[in-house]
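Okay, so here's the structure we're looking at.
2 protein chains.
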Amino acid sequence: MDEFELIRRYFDRAEQRPDIALGIGDDGAVITPGPGLQQVAVIDTLVEGVHFPEGYNPADIGYRVVAVNLSDIAAMGARPSWMTLALSLPQTDPDWLESFSEGLLAAATEFDVVLVGGDTTRAPQVVATVQVVGEIEAGRAIRRSGAMPGDTVYVTGTLGDAAAGLHGLQTGQPVRQLVDRFARPSARVSWGRSLVGVASAAIDVSDGFYGDLGKLLRASGVGAEIDLACLPLSESLAANFAVDEQRRFAMSGGDDYELCFTASAALPDPGILRVTAVGTVTGNPEIVVRLGDEVVPYTDRGYLHFG
Amino acid sequence: MDEFELIRRYFDRAEQRPDIALGIGDDGAVITPGPGLQQVAVIDTLVEGVHFPEGYNPADIGYRVVAVNLSDIAAMGARPSWMTLALSLPQTDPDWLESFSEGLLAAATEFDVVLVGGDTTRAPQVVATVQVVGEIEAGRAIRRSGAMPGDTVYVTGTLGDAAAGLHGLQTGQPVRQLVDRFARPSARVSWGRSLVGVASAAIDVSDGFYGDLGKLLRASGVGAEIDLACLPLSESLAANFAVDEQRRFAMSGGDDYELCFTASAALPDPGILRVTAVGTVTGNPEIVVRLGDEVVPYTDRGYLHFG
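Residue numbers (our numbering), protein chains in the order written: chain A, 296 to 602; chain B, 296 to 602.
So, in structure tokens, the structure goes:
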């Protein structure tokens, strides 16, 4: 199977959007940006042996490489529009490609983002890079740099599940609900959209809440006080781990892909946007971690790829 | 050095363009598309051990990964605007990064394309993926599918130099001018721009002239007759190889990044656009290769990554 047959069979789908003038198959794709809009561009790579083990379910890799990008789109408050894929593989295995493309296109369909082109190459291990471009009303993108002292720090959903799920896989004691949170992360695109004009700053939690909050705060030139007792935990996490482990996963576990954001104004209908207030932005440029009235020393900076 | 320091030190440059509202450093970049324009998106990956040998000059890798993308932009007739980079590395070597970023940003400066964001990850070998987005007047992109019987087949510049340069490197008899053509391929962006409204179809020569012409013809549902005696050859290629080798490099050698295009109308000032007519588009969907009046059997299909 050559690269054209590979693309035609697994990735070229008929569905298009009116803004996609030319999709897969030429030297480039042609996209018509809408009037009065800006675009948001993000790119993320998953490497076999680094981000997932050899032999990992290809459908989950395909879904995941789209979801991690959409999470960045969500953290900007944008709507995803189109994406490109660069896929390096050791060989062409039709079963692997069938599964990978199924997962990738499932995420694309779920979030209404069109695959418009790509590049396939050979490499010693699987490397999947997706770039997503989204749209946002001009001037409305939510940056990391807008947090102000006095703002409340919020997170969406629950923290620590994905890391606990991965831990369960690695120790041979997987908990289904937690593993699912790792395998098929939910990009918070609709929640991100509802934060436009509400959040003063936002970031997605990919490397761990503590580390990613730190990036937001540094970009804003501020600090925060966080209360460990406020961290939102799932029933599955609470039922399967001791309290210290729950908090460690919630503070430092990566791969949750929830949104961490700051806001001074009232939030939209909490029935639509599931969020928890976990602390307050301060003028002191550091993170103070409390458990009720007590300050808890905490130094983890989250996962850094070249730390 | 963590990934933030890596990005700040080697890739974050102050220069911006008015359409780049937010560049490197947030969850995504924010771009303002212009009125009445379409955008062209391309993506290409270079893998160590596949596209370049281990220990290859990092500056040339950086330049090359931009140039190969710009070549696709050129083949669409578009103007490059912005790009993202996904870079996987075994470790952070400051000398390597200094050199790679120098080459990458040299190409960016030369072609006025801004690096707006990226992703750095760890991998067993170097994998560099660049996506470039360019602009084109709405409806004017040059597709592969527009060639008509009777059109003339043209190529820009000279063919076979890059493959001959690589051959020289591999056999220990490098010829400087030919090696340079491999190491720092020229993306024909300005020539591509001058072909808008002139070329009926275009493709860039990355996998070899014969194979890439075949892709253009298949996309157009036509064929062509090509005259080997017309292929444009450089003085360096002619001086260092036998005639048969020259023609083999010119027909099937990859990495030239010239443009192959078809046109029925007169071409712009040949002083600006250096092109050579090499054949004629036919209604018979195959490539007939001639040497003067004689038909020469030829079956090479160019380099396919998963052939």
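Just so you know, even glycine gets a beta-carbon here, dropped at the ideal spot from N, CA and C.
C-beta neighbour in chain A for residue i, strict 8 Å
{"i": "I431 of chain B", "result": "yes"}
{"i": "G412 of chain B", "result": "yes"}
{"i": "V517 of chain B", "result": "no"}
{"i": "S383 of chain B", "result": "yes"}
{"i": "R303 of chain B", "result": "no"}
{"i": "R417 of chain B", "result": "yes"}
{"i": "I368 of chain B", "result": "yes"}
{"i": "T557 of chain B", "result": "no"}
As assigned by DSSP and simplified to three states, the class of residue i
{"i": "G467 of chain B", "result": "coil"}
{"i": "A237 of chain B", "result": "Only positions 296 to 602 of chain B appear in this structure, which leaves residue 237 of chain B out of reach."}
{"i": "D603 of chain A", "result": "Not covered by the structure: residue 603 of chain A. The range shown for chain A is 296 to 602."}
{"i": "E581 of chain A", "result": "coil"}
{"i": "G441 of chain B", "result": "coil"}
{"i": "R513 of chain B", "result": "helix"}
{"i": "T453 of chain B", "result": "coil"}
{"i": "T594 of chain B", "result": "coil"}
{"i": "Q426 of chain A", "result": "strand"}
{"i": "D414 of chain A", "result": "strand"}
{"i": "I338 of chain B", "result": "strand"}
{"i": "F601 of chain B", "result": "Unreliable placement is indicated for F601 of chain B, whose pLDDT of 47 sits below 50; the coordinate value is still reported in the next sentence. F601 of chain B falls in the coil class under three-state DSSP."}
{"i": "V409 of chain A", "result": "strand"}
{"i": "A519 of chain B", "result": "strand"}
{"i": "V484 of chain A", "result": "helix"}
{"i": "V448 of chain B", "result": "strand"}
{"i": "A316 of chain B", "result": "strand"}
{"i": "L490 of chain B", "result": "coil"}
{"i": "L526 of chain B", "result": "coil"}
Chain B contact for residue i (CB, 8 Å cutoff)
{"i": "A478 of chain A", "result": "no"}
{"i": "Q311 of chain A", "result": "no"}
{"i": "R262 of chain A", "result": "This structure leaves residue 262 of chain A out entirely; chain A is present only between 296 and 602."}
{"i": "M443 of chain A", "result": "no"}
{"i": "Q420 of chain A", "result": "yes"}
{"i": "Q468 of chain A", "result": "no"}
{"i": "T451 of chain A", "result": "no"}
{"i": "T639 of chain A", "result": "This structure does not reach residue 639 of chain A, given that chain A is present from 296 up to 602, and the question cannot be answered."}
{"i": "T424 of chain A", "result": "yes"}
{"i": "T447 of chain A", "result": "no"}
{"i": "G602 of chain A", "result": "Low confidence applies here, because G602 of chain A scores a pLDDT of 36, under 50, leaving its location unreliable and the question unanswered by this model."}
Outcome for residue i when other beta-carbon atoms lying within 10 angstroms are tallied against a minimum of 16
{"i": "A561 of chain B", "result": "exposed"}
{"i": "S485 of chain B", "result": "exposed"}
{"i": "G597 of chain A", "result": "Note that G597 of chain A scores a pLDDT of 49, beneath 50, so its modelled location is shaky; the value from the coordinates is reported in the next line. Its Cβ being crowded by 16 or more others within 10 Å, G597 of chain A is buried."}
{"i": "T557 of chain B", "result": "buried"}
{"i": "D608 of chain B", "result": "Here chain B has residues from 296 to 602 only, and residue 608 of chain B is not among them."}
{"i": "R542 of chain A", "result": "buried"}
{"i": "N364 of chain A", "result": "buried"}
{"i": "E393 of chain B", "result": "exposed"}
{"i": "D339 of chain B", "result": "buried"}
{"i": "G460 of chain B", "result": "buried"}
{"i": "A261 of chain B", "result": "The structure shown does not extend to residue 261 of chain B, since chain B spans only 296 to 602, so no value can be given for it."}
{"i": "A436 of chain B", "result": "buried"}
{"i": "V450 of chain A", "result": "buried"}
{"i": "E298 of chain A", "result": "buried"}
{"i": "D367 of chain B", "result": "buried"}
{"i": "T404 of chain A", "result": "exposed"}
Neighbour flag for residue i against chain C, beta carbons, 8 Å
{"i": "V342 of chain B", "result": "Of the protein chains in the structure, A and B, none is chain C."}
Item to check | Ranges of the beta strand (DSSP E) found wholly within the region 528–577 of chain A, counting only runs of at least 3 | outcome: Correct list: 554–558, 570–577.
Item to check | Where the region 478–499 of chain A meets chain B: residues whose CB sits under 7 Å from a CB there | outcome: I498, D499
Item to check | Against chain B: residues of the region 315–337 of chain A by CB proximity under 9 Å | outcome: Listed by position along the chain: A316, L317, G320, D321, D322, G323, A324, V325, I326, T327, P328, G329, P330, L332, Q333, Q334, V335, A336, V337.
Checklist entry - Given a limit of 7 Å on CB to CB distance, which residues of the region 537–551 of chain A reach chain B? => result none
Checklist entry - Any residues in the region 339–358 of chain A with a beta carbon nearer than 9 Å to a beta carbon of chain B? Which ones, in chain order? => result D339, T340, L341, V342, E343, G344, V345, H346
Item to check | Contacting positions in the region 560–594 of chain A - beta carbon closer than 7 Å to chain B | outcome: none
Checklist entry - If you scan the region 326–407 of chain B from start to end, which runs of the alpha helix (DSSP H) of 4 or more residues do you find wholly inside it? => result 353–370, 389–406
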